[in-house]
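Numbering (our numbering), first residue to last: 1 to 264.
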């Protein structure tokens, strides 16, 4: 019979030499258990493999936040006041200057006289107040003039000559201003002459400057000028001077036509 103390030592040695793992645990259900598997242990069923989780659909990308719809930008509409034959506002005013007018002014303030002419002929007429003030002229200065059936151009010339004033077509209005201001703000216009006179443009210019307000041209110390480009005259001058240039060109063409007819 084996002594009891040798049995205890053998069992202790056995426990110390066995690795304590989940499979070889002497108190578990591992297959290497020297005492065998627990016959009463219930083997767990194979756990169902988790099904593949559905992949989340791609979330829609957030749309950029937009403000209220805006109307497409448009260019501002520019309108020109036109008269007959599609002329612009300046040409319409120049045409109206040839219309007949009748008006009686008796100690009438200048500003009221201009308003009456503006309403009668349906064109904008304003006074250059700053230029008049520099000359010491008030817009309430009285005017006395009575004329019937004369052109608006002639009426203005006679009325404004009393105050040493003049007029100019500028910025689509008929502006009443001083002679000094008008000479400092000349306008450039071009006039065609018969092409056969191109080689004689110097003679045309000499005739023009000698017969139309001679003291206003730069050749005599004045502010206005004229030059020729082929059969076109380029004139820089005041509005009254341009009106006389137009008349000169018209008469020149008429004389040239008569001369050509006489030769045939």
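A virtual CB, placed ideally from N, CA and C, is assigned to each residue, including glycine.
Three-state secondary structure (DSSP) of residue i
i, result
"residue 223", "coil"
"residue 135", "coil"
"residue 267", "Given that the chain is displayed from residue 1 to residue 264, the structure contains no residue 267 and the question cannot be resolved."
"residue 249", "helix"
"residue 142", "strand"
"residue 212", "coil"
"residue 99", "coil"
"residue 205", "helix"
"residue 197", "helix"
Among the options, the one whose alpha carbon lies nearest that of residue i
i, options, result
"residue 209", "239, 185, 174, 245", "245"
"residue 186", "144, 240, 260", "240"
"residue 143", "90, 114, 260", "114"
"residue 167", "217, 126, 257, 220", "126"
"residue 161", "216, 106, 145", "145"
"residue 159", "106, 213, 242, 184", "106"
"residue 88", "225, 257, 256, 172", "172"
"residue 156", "261, 188, 101, 184", "101"
"residue 184", "211, 216, 121, 212", "216"
Through-space distance from residue j to residue i, alpha-carbon basis
i, j, result
"residue 175", "residue 123", "11 Å"
"residue 263", "residue 190", "29 Å"
"residue 104", "residue 222", "35 Å"
"residue 165", "residue 117", "16 Å"
"residue 247", "residue 237", "14 Å"
"residue 90", "residue 170", "7 Å"
"residue 219", "residue 188", "17 Å"
Range covered by the beta strand (DSSP E) that runs through residue i
i, result
"residue 169", "165 to 170"
"residue 174", "173 to 178"
Boundaries of the alpha helix (DSSP H) in which residue i is found, first to last residue
i, result
"residue 119", "110 to 121"
Proximity test, Cβ basis, 8 Å: residue i and chain B
i, result
"residue 263", "Annotation note: the requested chain B is absent from the structure, which comprises a single protein chain."
When you compare the segment 194 to 203 with the segment 229 to 238, are there three or more beta-carbon pairs, one atom per stretch, that lie closer than 8 Å?
Taking one beta carbon from each stretch, the segment 194 to 203 and the segment 229 to 238 have 3 or more pairs nearer than 8 Å; the two touch.
Can at least three beta-carbon pairs, one atom from the segment 108 to 120 and one from the segment 133 to 141, be found at a separation below 8 Å?
In short, these stretches touch, since the Cβ pair count reaches three.
Answer yes if the segment 199 to 219 comes into contact with the segment 242 to 261, meaning at least three C-beta pairs across the two stretches below 8 Å, and no otherwise.
Flag = yes, the segment 242 to 261 and the segment 199 to 219 touch.
Just checking, does the segment 173 to 187 make contact with the segment 128 to 137 on the three C-beta pairs under 8 Å criterion?
Contact between the segment 173 to 187 and the segment 128 to 137 is present: 3 or more CB-CB pairs across the two stretches fall below 8 Å.
Can at least three beta-carbon pairs, one atom from the segment 95 to 103 and one from the segment 142 to 161, be found at a separation below 8 Å?
Touching, yes.
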